[in-house]
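Take a look at the structure set out below.
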Amino acid sequence: MAATNKLPGKTLYSSKALRWLKRTALWTSVSIIAGLALAGGAVYGLLRGSLPQLDGQVQLVGLTAPVKVERDDSGVPTITAANELDAARALGYVQAQDRFFQMDLLRRAAAGELAELAGPAQAIVDHDRRRRLFRMRAVAKQVLRLLPDRQRALIGAYALGVNEGLSALDVWPFEYLLLRKQPEPWQPADSILAIMAMYFDLQDANDSREQALAAMQLALPPALYRFLTPPGTQWDAPIEGGLLEAPPVPGPDAVDLRKRDTAPVAALVPPRRHFAGSNNWAVAGSRTAGDAALLANDMHLHLGVPPIWYRVRLIFTQLKPPHERIDATGLTLPGVPGLVAGSNGHIAWGFTNADGDWVDLVKIDTDPEHPEHYRTPDGWRPFDVHDEVIHVSGAADVTLTVRDTIWGPVIGKGPAGNLLAVHWVAEQPSATNLAIWQLLGAHSVEEAVGIAQRAGLPELNLAVADAAGNIGWTLTGRIPRRVGGYDPSLPSSWADGNNGWRGWLAPDEYPRIVNPDGGLVWTANNRVIGGKGLAKMGDGGYALGARAQQIHVDLKPLTAATPVDMLQIQLDDRARFLDRWQRLLLRLITPEAAAADPRRAEFRRYVAGWGGHASVDSVGYRLVRLFHERLRSRVLGALLAPVRAKYPDFEPPALSQFEGSLWTLVEQQPANLLDPAYSSWNALMLATVDSIIADFRDPETGFEHFTWGRRNTVRVRHPLSQAVPLLSAWLDMPAVELPGDIDMPRVQDVSFGASMRMAVAPGEEDEGIMELPGGQSGHPMSPFYGDEFTAWAAGKPVPFLPGPTEHLLVLEPAG
7 MAATNKLPGK
17 TLYSSKALRW
27 LKRTALWTSV
37 SIIAGLALAG
47 GAVYGLLRGS
57 LPQLDGQVQL
67 VGLTAPVKVE
77 RDDSGVPTIT
87 AANELDAARA
97 LGYVQAQDRF
107 FQMDLLRRAA
117 AGELAELAGP
127 AQAIVDHDRR
137 RRLFRMRAVA
147 KQVLRLLPDR
157 QRALIGAYAL
167 GVNEGLSALD
177 VWPFEYLLLR
187 KQPEPWQPAD
197 SILAIMAMYF
207 DLQDANDSRE
217 QALAAMQLAL
227 PPALYRFLTP
237 PGTQWDAPIE
247 GGLLEAPPVP
257 GPDAVDLRKR
267 DTAPVAALVP
277 PRRHFAGSNN
287 WAVAGSRTAG
297 DAALLANDMH
307 LHLGVPPIWY
317 RVRLIFTQLK
327 PPHERIDATG
337 LTLPGVPGLV
347 AGSNGHIAWG
357 FTNADGDWVD
367 LVKIDTDPEH
377 PEHYRTPDGW
387 RPFDVHDEVI
397 HVSGAADVTL
407 TVRDTIWGPV
417 IGKGPAGNLL
427 AVHWVAEQPS
437 ATNLAIWQLL
447 GAHSVEEAVG
457 IAQRAGLPEL
467 NLAVADAAGN
477 IGWTLTGRIP
487 RRVGGYDPSL
497 PSSWADGNNG
507 WRGWLAPDEY
517 PRIVNPDGGL
527 VWTANNRVIG
537 GKGLAKMGDG
547 GYALGARAQQ
557 IHVDLKPLTA
567 ATPVDMLQIQ
577 LDDRARFLDR
587 WQRLLLRLIT
597 PEAAAADPRR
607 AEFRRYVAGW
617 GGHASVDSVG
627 YRLVRLFHER
637 LRSRVLGALL
647 APVRAKYPDF
657 EPPALSQFEG
667 SLWTLVEQQP
677 ANLLDPAYSS
687 WNALMLATVD
697 SIIADFRDPE
707 TGFEHFTWGR
717 RNTVRVRHPL
727 SQAVPLLSAW
737 LDMPAVELPG
747 DIDMPRVQDV
757 SFGASMRMAV
767 APGEEDEGIM
777 ELPGGQSGHP
787 MSPFYGDEFT
797 AWAAGKPVPF
807 LPGPTEHLLV
817 LEPAG
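Residue numbers (the numbering used here): 7 to 821.
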């Protein structure tokens with residue numbers, strides 16, 4: 007089944023509105039269009055023409071039976087179809103009417119085609135350059151050819167539904183009005199590109215971490231390199247496996263900053279960066295209020311308008327045996343048929359990013375006599391050269407020349423001077439498929455684990471619970487089978503054929519945990535396992551275990567857990583991670599230190615009364631957090647100075663596990679690792695306090711208004727409002743101060759946080775919870791545009807299942 011290559015012919019806008027737009031010269035400036043759109047009656051009517059149809063009947067060619075699309079008072083659809091192909095087609099129809107522009111951005115982001123739509127801004131063109139390096143549109147077409155017939159039929163039916171839903175709108179979605187573009191038809195391969203967009207969001211395609219580690223390894227003494235890159239910390243909270251041994255503090259014989267010629271670079275290390283991550287956990291039926299196990303999931307991503315996820319309930323009969331009736335509710339990624347997270351009465355499932363090592367950098371040796379050739383296990387071979395033409399709206403095309411190797415594209419030179427190629431799971435056509443659709447019909451944890459291990463997705467932690475009370479964990483996605491014993495955390499040569507990947511692990515080789523002692527599984531982008539399982543995954547820079555540890559601590563006392571209990575853990579903003587740093591500050595600012603500067607005494611009073619939470623009104627929390635980040639930056643700046651001296655463009659990796667080493671330095675205070683600009687570690691820490699006082703204390707009000715809420719004011723924005731600020735009041739969610747931070751269950755930053763919250767027991771969906779930071783619709787004139795944002799911001803429970811029917815649309819077979 008294939009989608010049409012061209013949308014049915016019609017004018018982009020009504021002829022009357024088009025004449026009005028031309029007379030007012032709105033074509034000349036997006037800003038002018040936006041300004042007049044807020045007041046112009048003709049434009050108001052025009053924009054309403056792109057609202058979806060909610061009631062009545064629509065005829066679609068090719069449906070086997072009528073499909074009911076019932077929406078509740080939040081616009082959440084329940085799609086009831088005769089079979090899965092009709093359900094996929096109807097899903098495509100409603101998502102195109104509600105979210106087509108979002109879907110368009112997803113496929114373009116993965117393919118490197120945003121500039122063709124959005125114009126010549128340098129950031130957009132640079133984005134497309136980075137993505138075109140991987141030629142994902144070509145990969146997506148290969149994936150499509152490799153899919154089993156059933157999956158290809160699903161994607162084809164979905165694509166037909168998307169184009170039918172888009173064509174049924176009276177006017178194209180409003181974003182195309184402002185951009186003066188027409189939407190391109192949806193192709194089946196575009197659903198693969200939407201999956202590829204998540205690979206890019208969740209993984210480091212260029213493996214910048216590995217490049218940075220290579221620079222550190224070359225520039226630093228081995229003992230210091232090991233100390234800066236420990237395998238874990240005392241915060242680790244794996245489900246299986248204990249703590250990993252921390253490297254010792256290097257002695258003065260290995261490194262002594264007092265003898266170093268290179269001066270520290272104060273601005274070398276920025277504050278810790280956010281990364282795409284999530285929380286999920288499952289509680290066995292023996293520890294819940296009912297018989298079923300409980301599943302909780304909150305996926306942390308960039309927050310935007312509309313939300314990345316789309317709520318839906320799908321009811322249909324499977325085409326293949328056992329021809330079972332499926333009733334599944336949860337979240338879809340618009341552009342992809344299937345539920346990413348949800349519950350079907352038998353199982354509930356959710357995901358977090360696994361942060362294993364899914365990318366390798368390969369050192370490329372070129373022929374000195376013929377530099378256009380490189381060494382392979384089969385001898386010298388010429389690079390495959392591709393010219394990727396990036397079409398730029400309003401400007402000349404940009405051509406990117408890509409040099410490909412048998413392992414992947416060349417990204418430039420590494421710290422050792424070799425060319426580097428990227429070998430990434432996402433580039434391999436056999437790594438992506440639509441097997442996740444089968445979770446809709448899974449009955450047990452064991453069945454769900456087996457499906458996940460065959461699912462072609464980014465490598466994720468699956469947490470699953472079933473109605474019989476069982477729980478489990480495993481990985482989705484393809485896991486490379488590495489051979490040769492090379493260190494995958496650093497670039498290596500594969501030219502002799504001894505090192506590299508040899509296909510994928512078989513499902514029975516995947517790490518898995520089912521019904522562990524204690525009745526709990528939990529993940530938070532941390533190290534989940536140890537031993538052989540960890541060796542199979544590798545370390546792609548997994549998160550500090552503080553968040554996972556706090557979740558585990560919260561879960562352990564529960565003996566009759568409910569979805570509301572799960573939500574309370576998701577909203578836990580206690581500052582357990584910073585607690586020892588708060589106590590350190592209280593010891594540091596002694597009466598003598600405070601007497602030397604009264605402002606230090608004020609600083610100490612706020613720290614003492616911090617409240618122990620990342621709450622919006624806490625000044626003390628913000629001060630403790632800022633002290634920790636600045637001290638970390640100063641210490642790392644001194645220790646990494648030789649790397650920047652050798653490689654001026656060096657950007658430090660996240661070094662999430664350095665937290666353990668940093669605390670060891672503060673406790674032991676080794677003189678050989680102290681920045682020689684300071685007489686003692688206490689002097690360094692007091693100087694850090696004084697820098698905060700100098701930079702942030704108001705001379706008149708002191709720290710009174712320096713609250714965490716002022717720093718953590720969340721702004722959830724539409725992509726167009728970021729380019730045209732005049733649109734912000736119309737398109738964006740209201741700015742709101744929110745509690746939460748990085749190292750606690752309630753992850754929250756100004757544009758990053760819980761993209762959803764879910765807590766549900768399979769078979770007890772009517773008691774479950776589902777929250778989104780926005781509404782179902784991508785249209786600002788829809789009542790479903792931002793109606794769920796307030797409940798999400800307040801952490802107010804929202805029912806998991808759609809409510810009573812408010813609107814009924816019937817899709818009828820035509821002819």
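Note that CB positions come from ideal geometry on N, CA and C, so glycine has one too.
The model shown is predicted, which means the values in this text are computed figures rather than measured ones.
C-alpha distance - residue i paired with residue j, whole-angstrom precision
i      : j      : result
Ala620 : His306 : 17 Å
Val520 : Val100 : 37 Å
Gly503 : Val489 : 10 Å
Ala437 : Ile161 : 17 Å
Ala458 : Gly257 : 47 Å
Ala43  : His785 : Low confidence applies here, because Ala43 scores a pLDDT of 46, under 50, leaving its location unreliable; read the following figure in that light. C-alpha separation (whole angstroms): 14 Å.
Arg508 : Arg232 : 29 Å
Ser35  : Arg186 : Residue placement at Ser35 is flagged as unreliable, the pLDDT there being 41, under the threshold of 50; the coordinate-derived value follows with that caveat. Each residue's alpha carbon lies about 10 Å from the other.
Leu496 : Ile485 : 18 Å
Gly536 : Gly547 : 15 Å
Val570 : Ala765 : 8 Å
Pro654 : Leu642 : 16 Å
Gln157 : Ala165 : 12 Å
Ala735 : Lys802 : 24 Å
Glu818 : Arg151 : 31 Å
Arg553 : Ala302 : 15 Å
Leu526 : Ala288 : 6 Å
Gly746 : His376 : 57 Å
His449 : His352 : 5 Å
Ser498 : Tyr492 : 7 Å
Residues bridged to residue i (per DSSP)
i      : result
Ile332 : Phe322
Ser498 : Val368
Ile353 : Asp472
Ile519 : Trp479
Leu224 : Per DSSP, none; premise fails for Leu224.
Glu419 : Glu is not the amino acid found at residue 419; the sequence shown has Lys there. Lys419 is bridged to Leu425.
Asn718 : Note: Asn718 sits in no beta bridge, so no partner.
Phe758 : His308
Ile396 : Val404
Arg381 : Trp386
Close-in-space but distant-in-sequence residues of the same chain around residue i (CB under 6 Å, 5 per side omitted)
i      : result
Glu515 : none
Met543 : Gly362
Gly551 : Trp241, Asp242, Ala243, Asn532
Pro763 : First, the amino acid is wrong: residue 763 is Arg here, not Pro. Excluding sequence neighbours, Arg763 sits near Asp304, Gln576, Glu777.
Ala225 : Pro648, Val649, Lys652
Val625 : Tyr612, Phe709, Phe712, Thr713
Gln555 : Trp241, Ala243
Thr482 : Ala458, Ala461, Leu463, Leu466, Leu468
Gln754 : Leu744, Gly746
His558 : Ala243, Trp528
Integer Cβ distance of residue i from residue j, believed to fall under 8 Å
i      : j      : result
Met480 : Leu468 : Correcting the residue identity first, residue 480 is Thr in this sequence and not Met. Between Leu468 and Thr480 the Cβ distance is about 5 Å, and since that is below 8 Å, they are a contact.
Glu665 : Thr239 : 6 Å
Tyr612 : Leu629 : 6 Å
Trp355 : Gly348 : 7 Å
Arg95  : Ala163 : 4 Å
Gly475 : Ser292 : 6 Å
Leu120 : Arg114 : 5 Å
Val622 : Gln63  : No, Val622 and Gln63 are not in contact; Cβ-Cβ is about 49 Å, not under 8 Å.
Glu433 : Val149 : 11 Å between Cβ atoms; not a contact.
Residues near residue i in its chain [Cβ-Cβ closer than 8 Å; skip 5 each side]
i     : result
Ala5  : Here the chain has residues from 7 to 821 only, and residue 5 is not among them.
Ser37 : Note that Ser37 scores a pLDDT of 44, beneath 50, so its modelled location is shaky and nothing firm can be said.
Contacting residues, own chain, Cβ-Cβ under 7 Å from residue i (five flanking each side not counted)
i      : result
Ala501 : Asp371, Arg381, Thr382, Pro383
Tyr637 : The identity of residue 637 in the sequence shown is Leu, whereas the question assumes Tyr. Result list for Leu637: Met691, Thr694, in chain order.
_Sufficient close CB pairs (3 or more, under 8 Å) joining the region 364 to 381 to the region 409 to 425_ = Contact holds: three or more Cβ-Cβ distances are below 8 Å.
*Stretch pair the region 355 to 365 + the region 389 to 400: three plus CB contacts closer than 8 Å*: Contact check between the region 355 to 365 and the region 389 to 400: fewer than three CB pairs, one atom from each, fall below 8 Å, which does not count as touching.
*Would you be able to state if there are at least three C-beta pairs under 8 Å between the region 71 to 91 and the region 315 to 335?*
They touch, by the three-pair rule.
*asked:* With a threshold of 8 Å, are at least 3 pairs of Cβ atoms found where one atom belongs to the region 397 to 406 and the other to the region 121 to 136?
replied: Yes, since at least three Cβ pairs between the region 397 to 406 and the region 121 to 136 fall closer than 8 Å, the two stretches touch.
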